[in-house]
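*Asks:* I'd like to ask some things about the structure below.
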Amino acid sequence: MGGDTGRDVGRDTGRLSREREYEYAFLVLAAVFVASLVVCNLIVQKFFLWEPFGVREFFYLSAGILPYPLTFLVTDILSECYGRRRANQVVMAGLVASVFVVLVVWVSDRIPSIGGVDVDSGVAIEGTDFDAMFHQVFGKTGRAVGASMIAYLAAQLVDIQVFHFWRRLTGGKHLWLRNNASTVFSQLLDTSLVVSLLFVGTEMAPRIPQMILAGWAFKAGAALIDTPFFYLAVAWWKKRYPEQVAAHDDLVVVESGVAG
């Protein structure tokens, strides 16, 4: 009797410990998502030439595109292992974080500078307009961030919806299908929105179709490349936290509701 009680207590303690670990893993994923999203907006003004297969004419990309595919991988892992509701929560948290960063940068851009100091030597730097430098780097991102946030919110929410549509349609099978179908479609939406909002009415307008194709091709390629990592992540989560993942399984919840 006492032995059974001890084993029960041990199992309960282990379950609570695993639950805390599962929630900590959620926070890590959320942190990676938010950090990737914020840094996208901070480096959006730098452009580079991507030359797939030696093609130079088409592929001018913003540096902000580099960490962005990671956000879709994270939301797919969250959708699979934590459910739609919590994936949506992280998307909204990313939006709040981005707006907060924009406000801080905006205030910082309007505070007059008293000069600069070389961080390595501690010597004051003379003869440089630090306000102009700061504004050049951070002060011109308002339109870019606004366009990015509209596209981001639409694409991420669509990604989660399409992911769960394919998950229901396939009965939870074919991870690769829902991962790629949701990401490739939502990234086409994201790229089309952000490029159009940024460059309609500017001298870059004639290049809009090229930039949409280039951005989408890059993101779609990244989505295909991340498929093995998605499989590995989901397999690890389901092996490490089987009870917790099952409890957040939207398919199980829906079936239970129908059965009830």
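For the record, in the sequence shown the residue sitting at position 236 is 240 according to the numbering used here, with numbers rising by one throughout. We put the CB at the ideal spot given by N, CA and C, even for glycine. Predicted, not measured: the structure shown is a model, and the values here were computed from it.
#1: If you draw a straight line from the alpha carbon of Glu27 to that of Val249, how long is it in whole angstroms?
#2: Among residues of its own chain, excluding the 5 on either side of Cys85, which ones have a beta-carbon nearer than 6 Å to its beta-carbon?
#3: Does DSSP put Val258 in a helix, in a strand, or in coil?
#4: Please report how far the alpha carbon of Val32 lies from the alpha carbon of Val38, in whole angstroms.
#5: Report the option in Asp80, Leu41 and Ser21 whose CA atom is closest to the CA atom of Ala237.
#6: Whose CA, out of Ala151, Leu77 and Val43, lies closest to the CA of Val198?
#7: Using a 10 Å radius around the Cβ and a threshold of 16 neighbouring Cβ atoms, would you call Ser117 buried or exposed?
#8: Classify Leu53 as helix, strand or coil using the three-state DSSP reduction.
#9: On the CB-based measure, 16 or more other CB atoms within 10 Å of its CB, does Met153 come out buried or exposed?
#10: Between the alpha carbons of Gly14 and Glu25, how many angstroms are there, rounded?
#11: Tell me the DSSP secondary structure of Tyr245 in three-state form.
#12: Just verifying my parser: in three-state terms, what is the DSSP assignment at Ser66?
#13: CB-CB under 7 Å to Gly98, same chain, minus the five flanking residues each way: which ones, in chain order?
#14: Just how far apart, CA to CA, sit Leu20 and Ala224?
#15: For Ser83, which of Phe167, Arg114 and Gly219 has the nearest alpha-carbon?
#16: Whose C-beta lies closer than 6 Å to the C-beta of Gly68 among residues of the same chain, with five residues either side of it excluded?
#17: Can you look up Ala263 in the DSSP assignment and give me helix, strand or coil?
#18: Measure the Cβ-Cβ separation of Gly143 and Asp113 and say whether it is below 8 Å.
#19: Return the Cβ separation of Phe104 and Asn183 in integer angstroms, given the expectation that the two are a contact with Cβ distance under 8 Å.
*Replies:* From the atom records:
#1: To locate residue 27, count along the sequence shown from 1; it is residue 23. To locate residue 249, count along the sequence shown from 1; it is residue 245. About 11 Å.
#2: Position 81 of the sequence shown, counting from 1, holds the residue named residue 85. Once the five neighbours on either side are set aside, the close Cβ partners of Cys85 are Trp241 and Val249.
#3: On the sequence shown, residue 258 is found 254 positions in, with the first residue counted as 1. Because Val258 sits at a pLDDT of 45, beneath the cut-off of 50, its placement in the model cannot be relied upon, and the point is left open.
#4: What you label residue 32 is simply residue 28 of the sequence shown in a count that begins at 1. What you label residue 38 is simply residue 34 of the sequence shown in a count that begins at 1. Cα to Cα, Val32 sits roughly 10 Å from Val38.
#5: Reading the sequence shown from its first residue, position 233 is the one you call residue 237. Of the candidates Asp80, Leu41 and Ser21, the one whose C-alpha sits nearest the C-alpha of Ala237 is Asp80.
#6: Sequence index remark: in the sequence shown, residue 198 carries index 194 (1-based). The candidate whose alpha carbon is nearest that of Val198 is Ala151.
#7: Residue mapping note: residue 117 aligns to position 113 of the sequence shown, counting from 1. Counting Cβ neighbours within 10 Å, Ser117 comes out exposed, since fewer than 16 surround it.
#8: Counting from one through the sequence shown, the residue named residue 53 turns up at place 49. If DSSP states are grouped into helix, strand and coil, Leu53 belongs with the strands.
#9: Within the sequence shown, the letter at position 149 stands for residue 153. When all chains shown are included, Met153 counts as buried.
#10: Taking the sequence shown and counting its residues from 1, the one referred to as residue 14 is at position 10. Taking the sequence shown and counting its residues from 1, the one referred to as residue 25 is at position 21. Any reading at Gly14 needs caution, since the residue's pLDDT is 49, under 50, leaving its predicted position unreliable; the model's value is listed next. Taking the straight line from one Cα to the other gives about 16 Å.
#11: Walking along the sequence shown from the start, residue 245 turns up at place 241. Coil, per DSSP.
#12: Position 62 of the sequence shown, counting from 1, holds the residue named residue 66. Strand at Ser66.
#13: As a first step, residue 98 is located in the sequence shown; it is residue number 94 there, counting from the start. Within the same chain, Gly98 has close Cβ partners Phe37, Val38 and Leu41.
#14: As a first step, residue 20 is located in the sequence shown; it is residue number 16 there, counting from the start. As a first step, residue 224 is located in the sequence shown; it is residue number 220 there, counting from the start. Distance between the alpha carbons of Leu20 and Ala224 is about 39 Å.
#15: Numbered from 1 along the sequence shown, position 79 holds the residue referred to as residue 83. Comparing Cα-Cα distances from Ser83 to each of Phe167, Arg114 and Gly219, the minimum goes to Phe167.
#16: Here the question's residue 68 lines up with position 64 in the sequence shown. Cβ within range, chain order: Cys44, Ile47 and Val48.
#17: Taking the first residue of the sequence shown as position 1, residue 263 is located at position 259. The predicted position of Ala263 is uncertain, since its pLDDT is 39 and thus under 50; a value taken from the coordinates is nonetheless stated next. Residue state, collapsed to three classes: helix.
#18: Walking along the sequence shown from the start, residue 143 turns up at place 139. Walking along the sequence shown from the start, residue 113 turns up at place 109. Cβ distance < 8 Å, so Gly143 and Asp113 count as in contact.
#19: Translated into positions along the sequence shown, residue 104 becomes position 100. Translated into positions along the sequence shown, residue 183 becomes position 179. Incorrect: roughly 30 Å between the Cβ atoms, too far for contact.
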